[in-house]
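Below is one structure, written out as structure tokens; the observations come after it.
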Amino acid sequence: MKPPTHLLTASDGVRLAWTVSGQGMPLVKASNWLTHLEYDPDSPVWRHWVRFLSGHYRYLRYDERGCGLSDWDAGELSLPRWLEDLESVVDAAGLPQPFVLLGISQGAATAVAYAARHPQRVSHLILYGGYVLGAKRRGDAESSHLYQLMEQLARFGWDKPNPAFRQLFTSRFIPGGTEEQIAWFNDLCRKSTRAEIGARLIAARAEMDAREFMPRVATPTLVLHATRDEVVPLSEGRRLASGIPGADFVTLDSPNHVLLEHEPAWEQFCQAVREFTGQGIAASAATVATLEGLSRREREILARLGEGASNAQIAAELRISEKTVRNHVSHLYGKIGVRSRAQAIVYAHRHGLLR
Numbered sequence: 010m011k012p013p014t015h016l017l018t019a020s021d022g023v024r025l026a027w028t029v030s031g032q033g034m035p036l037v038k039a040s041n042w043l044t045h046l047e048y049d050p051d052s053p054v055w056r057h058w059v060r061f062l063s064g065h066y067r068y069l070r071y072d073e074r075g076c077g078l079s080d081w082d083a084g085e086l087s088l089p090r091w092l093e094d095l096e097s098v099v100d101a102a103g104l105p106q107p108f109v110l111l112g113i114s115q116g117a118a119t120a121v122a123y124a125a126r127h128p129q130r131v132s133h134l135i136l137y138g139g140y141v142l143g144a145k146r147r148g149d150a151e152s153s154h155l156y157q158l159m160e161q162l163a164r165f166g167w168d169k170p171n172p173a174f175r176q177l178f179t180s181r182f183i184p185g186g187t188e189e190q191i192a193w194f195n196d197l198c199r200k201s202t203r204a205e206i207g208a209r210l211i212a213a214r215a216e217m218d219a220r221e222f223m224p225r226v227a228t229p230t231l232v233l234h235a236t237r238d239e240v241v242p243l244s245e246g247r248r249l250a251s252g253i254p255g256a257d258f259v260t261l262d263s264p265n266h267v268l269l270e271h272e273p274a275w276e277q278f279c280q281a282v283r284e285f286t287g288q289g290i291a292a293s294a295a296t297v298a299t300l301e302g303l304s305r306r307e308r309e310i311l312a313r314l315g316e317g318a319s320n321a322q323i324a325a326e327l328r329i330s331e332k333t334v335r336n337h338v339s340h341l342y343g344k345i346g347v348r349s350r351a352q353a354i355v356y357a358h359r360h361g362l363l364r
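The opening residue of the sequence shown carries number 10 in our numbering; numbering runs sequentially from there.
Below you can see the structure in the form of structure tokens.
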């Protein structure tokens, strides 16, 4: 039985469709296009994603504005609007916090912006096939021209009964797909949105720039990218990993922008995500000993650091002097093996020390 679909109304009147399935650690996926809440669980392109994520987590997903079961009268299409939509869905769902945040493809930029704005809400940030800089902003004339062509093709060929135009999109997203997967993806293009919105989304993505948020992310971050991705080049994955403090970078040997179920890269992705979020992975004896060696006051201060509090805020809350806080923080760094506040924040998130 499929979980119920819920609707919320965004601040500009656009209705967004969302659903939650599974049990366990909460995980939110920032929206990416070419999804449909109703069809994805049956799709040979997306069903293994839904099965894996809802099988290991309390999984919240939603169709972005202009797509799937959300309103196709999309209104504004921009990073600030996508960020606001994510905030609205999270608030409406009422999931326990902090949660794991997943960003796929263009959803990575929204996820990065959210993690930077709400560090206390996100325990782990996972980015797959993502980018923060649109094709027209990368200084690559060929990539910019390609996106202009894709926008034109979407506008004039998306709604045609003949799938030839949509096949161009499909061949870039899943070049390793079977006939069944290719047919489903072609059909999903028409089911998920219409030509005008598809073209507008492509244009908006190409102009996107979320680089300013990367250095502000304090959440433990895992960046994964397919080595031969034709939609988002590997260099964009490297940009993400190098721009977010302390991020881990994992490459997956695949040509597919959307990983397919029976390729080795998919299992590698699943294993990396499980290990990163601690699902079924026990803490090392050294880590356990370190955590047990922290005093109650040190745990309190580390938790507040993880939530983004300043020394002054911590001092006021605990009714101690800022000098005492600084001394505690200095001792903490030595005990947990970090050298900076940013690393301490990452440590607090990674080991579930937030309040």
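No residue lacks a Cβ here, since even glycine has one placed at the ideal position from N, Cα and C. These figures come from a predicted structure and were not determined experimentally.
Task: Closest Cα partner of Asn195 within the set Trp27, Trp167, Ile211, Gly287 - done: Residue mapping note: residue 195 aligns to position 186 of the sequence shown, counting from 1. Looking at the Cα atoms, Trp167 is the closest of the given residues.
TODO: In angstroms with no decimal places, state the Cα-to-Cα distance between Ile9 and Ala125.
DONE: Because residue 9 is not part of the residues shown, which for the chain are 10 to 364, the question remains open.
Open item on the list: Beta-carbon within less than 8 Å of Pro107's beta-carbon, same chain only, minus the 5 sequence neighbours each way: which residues are those?
Closed with: Taking the sequence shown and counting its residues from 1, the one referred to as residue 107 is at position 98. Around Pro107: Gln129, Arg130, Val131, Ser132, His358, Leu363.
- [ ] Give every residue of the same chain whose Cβ lies closer than 6 Å to the Cβ of Tyr140, excluding the five residues on either side of it in the sequence, and list them in chain order.
- [x] As a position in the sequence shown, residue 140 is number 131, starting the count at 1. Here the set comprises Val241, Glu245.
- [ ] Identify the continuous alpha helix (DSSP H) that holds Leu43 and give its terminal residues.
- [x] Sequence index remark: in the sequence shown, residue 43 carries index 34 (1-based). Run containing Leu43: none; DSSP gives neither H nor E here.
Task: Three-way DSSP call (helix, strand, coil) for Trp27 in this model - done: To locate residue 27, count along the sequence shown from 1; it is residue 18. Strand at Trp27.
Open item on the list: Helix, strand or coil for Ile135? Go by DSSP, reduced to three states.
Closed with: As a first step, residue 135 must be located in the sequence shown, where it is residue number 126. Reduced to three states, the DSSP call for Ile135 is strand.
Open item on the list: By the three-class DSSP mapping on this structure, what secondary structure does Asp82 have?
Closed with: Along the sequence shown, read from residue 1 onward, the residue named residue 82 stands at position 73. Three-state result, Asp82: coil.
Open item on the list: Tell me the residue span of the alpha helix (DSSP H) that contains Ile191.
Closed with: Along the sequence shown, one-based indexing puts residue 191 at 182. Element bounds for Ile191: 188–201.
TODO: Work out the CA separation of Thr286 and Val338 for me, nearest whole Å.
DONE: By one-based count along the sequence shown, residue 338 stands at place 329. By one-based count along the sequence shown, residue 286 stands at place 277. Looking at the two C-alpha atoms, the distance is approximately 26 Å.
Task: Beta-carbon separation (whole angstroms), Ala227 vs Ala351, contact threshold 8 Å - done: As a working note, residue 227 is residue 218 in the sequence shown. As a working note, residue 351 is residue 342 in the sequence shown. Between Ala351 and Ala227 the Cβ distance is about 6 Å, and since that is below 8 Å, they are a contact.
Task: Per-residue burial, Met34 [other beta carbons within 10 Å of its own, 16 or more giving buried] - done: On the sequence shown, position 25 is the one that residue 34 refers to. Buried is the call here.
Task: Straight-line gap, Phe61 to Trp55 (C-alpha atoms, nearest Å) - done: Taking the first residue of the sequence shown as 1, we reach residue 61 at position 52. Taking the first residue of the sequence shown as 1, we reach residue 55 at position 46. For Phe61 and Trp55, the distance between alpha carbons rounds to 10 Å.
Task: Rounded C-alpha distance that separates Glu96 from Tyr123 - done: Residue 96 sits at position 87 when you count from the first residue of the sequence shown. Residue 123 sits at position 114 when you count from the first residue of the sequence shown. Distance between the alpha carbons of Glu96 and Tyr123: 8 Å.
Task: Residue closest to Ile310, alpha-carbon to alpha-carbon, out of Arg67, Ala298, Thr299, Leu327 - done: Taking the first residue of the sequence shown as position 1, residue 310 is located at position 301. The candidate whose alpha carbon is nearest that of Ile310 is Leu327.
Open item on the list: Closer than 8 Å is the cut-off here; do at least three beta carbon pairs connect the stretch 252–269 with the stretch 148–155?
Closed with: no
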